[in-house]
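To start, the structure itself, in structure tokens.
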Amino acid sequence: MFKNRICKIAVVDDEEGIRLGSKSILEAFEVKVDEDKESLNFQIDEFSDKNSFVNNLEKEDDPDLVLLDCKLPDGNGIDILEEYLSDKDDIIVIIITAYATVENAVKTTKRGAFDFLAKPFTPDQLRHSVRKAVNHLYLKRKAAQLEKKQKSIRFEFLSVLAHELKSPINAVEGYLDLMENEILGDKINKYSKIIGNCTDRIGGMRKLIMDLLDLTRIESGQKKREVTRIDAAAILRKAMANFKLSAEKNKVELEIKAPDKLEINGDEGELMIIYNNLISNAIKYNRENGRVTAKLSKSEQGMEIEVEDTGIGLKEEDQKRLFQEFTRIKNEKTRNIQGSGLGLSIVRKITDLYQGTIEVNSKYGKGTVLKIKLNSSY
Amino acid sequence: MDNKRKTALVVDDDEDYLFQMEVNLQRLNYEVKKAASVKEATAILGENRNLDLVLVDLMMDNMDDGFVLAHKIRRINENIPIIMTTSVARDTGYEFDSVKGENREWLKIDKILNKPVRFEQLKTVLATLKQVLPGE
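Line by line, the protein sequences are chains A and B. Counting from 1, one number per residue, gives the positions in the first sequence under my numbering. Counting from 379, one number per residue, gives the positions in the second sequence under my numbering.
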């Protein structure tokens, strides 16, 4: 943020006394930034007129801070501010002047000066003003850094998202091309498999879009939470019932181990999203004639849901990546399974809302247990 | 004219795309082998050193799987024509119509095609890669 923890200051004043005084005060000065974690020292460059300062500005690295006299022999501090410093966001300027009028203060601040120091000033006034300016600059630079990082994360996210959205479009377009070329003859019923595949890919894409909306709503806090007294057991039975068909299709048996009633404080929609994702994964990544067991129990803090499958399981290195966005564990066994890669990211975000925890227990080739504890007494 | 049926290998992690390319290449008189990963492709290449054509997806499990595989293929047989397919040309900057000279040497591929690949487009491209055009 500051090269070698040195803050470069340019003192631009035609009075030698001011330059030398400022230099000796500031070279012995130290400022703490970042909640006192980092300390900065100062390197002072002196300039006695406009020309030498402006020439230097064009040649050397920019200073971090400029102590700028309003009245110079060959020009005016306010003009320098306007002409040479107004487009340099990364330089902070303190105006020094003997004519400490309100008018001057307003004029210079309007042109981007951070602070205003009236001559003659005491060492303490100088230190105070510099400390304030440096802290301001530090925070500004830190914010810019953070913004840059967020932008790059966002770009990465969007690139992967674009790829995930393009794949199904390409697949459907490819099928349309086959149909256009009447690859299987001119009878529409010959194309039912192709049409089915298109429907599947479009369904996958819709799921991705829905998941993405869920994720961004939760992340941005836009999703209204309706926390009431809800029956987690009844909701679980409802969720499991919704998966009856898909379980039959995958030849997987569903089993619920839950009390008749388990009341917690929570949002029904959020709980449903958690159940749906866990159950759907347990069915998708299962084996033929496998089983999905959902166990619900009361805990000290609230509730505990455990969904166990007899499926393909996870390798140890894959378990760590499970909750990252767009993580889909790709191998021979999972290649043909559709998924948005966002489900477990969403589950983790909701679990966080309940100050809950997630545990993954998996054996490759044997099956996976996902255990989520929700704190409903908050 | 060589009337022997030619063999193509298609490498892609999208099952639907593999199916589509199989149908299209069969129409162009190719026998088609399919691989859903670099690993599967390597196994097939080990048993079939004289393939007539390889179509390989750029981005599979890793961002650059396609390039890695292309290098492997060239080590096995310098003369197999390789077509790389991708849906991320614009995002990655790997956007050029034909791969010539230095690029071919470096990338080890003969052509890059943007997905989705249409039948007519495939036919045209294969015709320009003369040596791979099957006997008619």
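Cβ coordinates follow ideal geometry from the N, Cα and C atoms, glycine included. Predicted, not measured: the structure shown is a model, and the values here were computed from it.
Asked                                                                                                                                     : Found
Own chain partners of Ser362 (chain A) with C-beta closer than 8 angstroms, once the 5 adjacent residues on each side are dropped         : Gly313, Leu314, Gln319, Thr368 and Val369
Three-state class that DSSP yields for Ser340 (chain A) in the structure shown                                                            : coil
Residues of its chain near Leu117 (chain A), where Cβ-Cβ distance is below 6 angstroms and the 5 sequence neighbours each way are ignored : Ile94, Ile96 and Ser129
Environment of Asn197 (chain A) [buried if 16+ CB atoms lie within 10 Å]                                                                  : buried
Inter-residue Cα distance where the pair is Ile454 (chain B) and Ile422 (chain B)                                                         : 12 angstroms
Any 3 or more C-beta pairs closer than 8 angstroms across the region 106 to 126 of chain A and the region 38 to 53 of chain A             : no
Alpha-carbon spacing of Val388 (chain B) relative to Ala413 (chain B), whole angstroms                                                    : 6 angstroms
Backbone CA spacing between Pro494 (chain B) and Glu409 (chain B) [nearest angstrom]                                                      : 21 angstroms
Below-8 angstroms beta-carbon distance, Lys411 (chain B) vs any chain A residue                                                           : no
Residue nearest to Asn402 (chain B) in terms of C-alpha spacing, selected from B:Gly444, B:Arg496 and B:Asp443                            : B:Arg496
Distance cut-off 7 angstroms: Asn55 (chain A) Cβ against heavy atoms of the ligand GDP                                                    : You won't find the ligand GDP in this model; it holds no ligand whatsoever.
Contact between the region 165 to 179 of chain A and the region 63 to 80 of chain A (3+ Cβ pairs under 8 angstroms)                       : no
Pairwise C-alpha distance: Lys8 (chain A) and Glu46 (chain A)                                                                             : 11 angstroms
N-terminal and C-terminal residue of the beta strand (DSSP E) that Met462 (chain B) is part of                                            : Ile460 to Thr464
Per-residue DSSP class, three states only, for Gln125 (chain A)                                                                           : helix
Outcome for Gly424 (chain B) when other beta-carbon atoms lying within 10 angstroms are tallied against a minimum of 16                   : exposed
DSSP three-state assignment for Gln319 (chain A), whether helix, strand or coil                                                           : helix
Cutoff 6 angstroms; reference Phe394 (chain A); Cβ partners in own chain excluding five residues on either side                           : Outside the shown range of chain A, which is 1 to 378, sits residue 394 (chain A), and nothing can be said about it.
Neighbourhood of Ile230 (chain A) by C-beta, 6 angstroms cutoff - its chain only, sequence neighbours within 5 removed                    : Gly266 and Glu268
Alpha-carbon spacing of Ile279 (chain A) relative to Val307 (chain A), whole angstroms                                                    : 7 angstroms
Alpha helix (DSSP H) segment containing Val106 (chain A), residue limits                                                                  : Val102 to Lys110
Cutoff 8 angstroms: Gly365 (chain A) Cβ touching any chain B Cβ                                                                           : no
Where Tyr99 (chain A) falls, given that 16 or more other Cβ within 10 Å makes a residue buried                                            : exposed
Alpha-carbon to alpha-carbon, Ile80 (chain A) and Leu40 (chain A)                                                                         : 27 angstroms
Asp430 (chain B) beta carbon less than 8 angstroms from that of Lys384 (chain B)                                                          : yes
Closest by C-alpha distance to Leu215 (chain A), when choosing among A:Gly343, A:Val11 and A:Asp115                                       : A:Gly343
Contact the region 245 to 252 of chain A vs the region 286 to 306 of chain A: 3+ CB pairs below 8 angstroms                               : yes
Simplified DSSP assignment, three categories, for Lys363 (chain A)                                                                        : strand
For Lys366 (chain A), the nearest candidate out of A:Ala282, A:Lys132, A:Thr108 and A:Gly311 (CA to CA)                                   : A:Gly311
Beta-ladder partner(s) of Tyr408 (chain B), from DSSP                                                                                     : B:Lys384
Buried/exposed call for Asn281 (chain A), threshold 16 Cβ in 10 Å                                                                         : buried
Cα-Cα separation between Leu379 (chain A) and Asp488 (chain B), rounded to whole angstroms                                                : The requested residue 379 (chain A) is not part of the displayed model; chain A covers only 1 to 378.
Bounding residues of the beta strand (DSSP E) (the contiguous stretch that carries Lys32 (chain A))                                       : Val31 to Val33
Secondary structure of Asn265 (chain A), DSSP reduced to three states                                                                     : strand
Cutoff 7 angstroms; reference Leu184 (chain A); Cβ partners in own chain excluding five residues on either side                           : Lys190 and Tyr191
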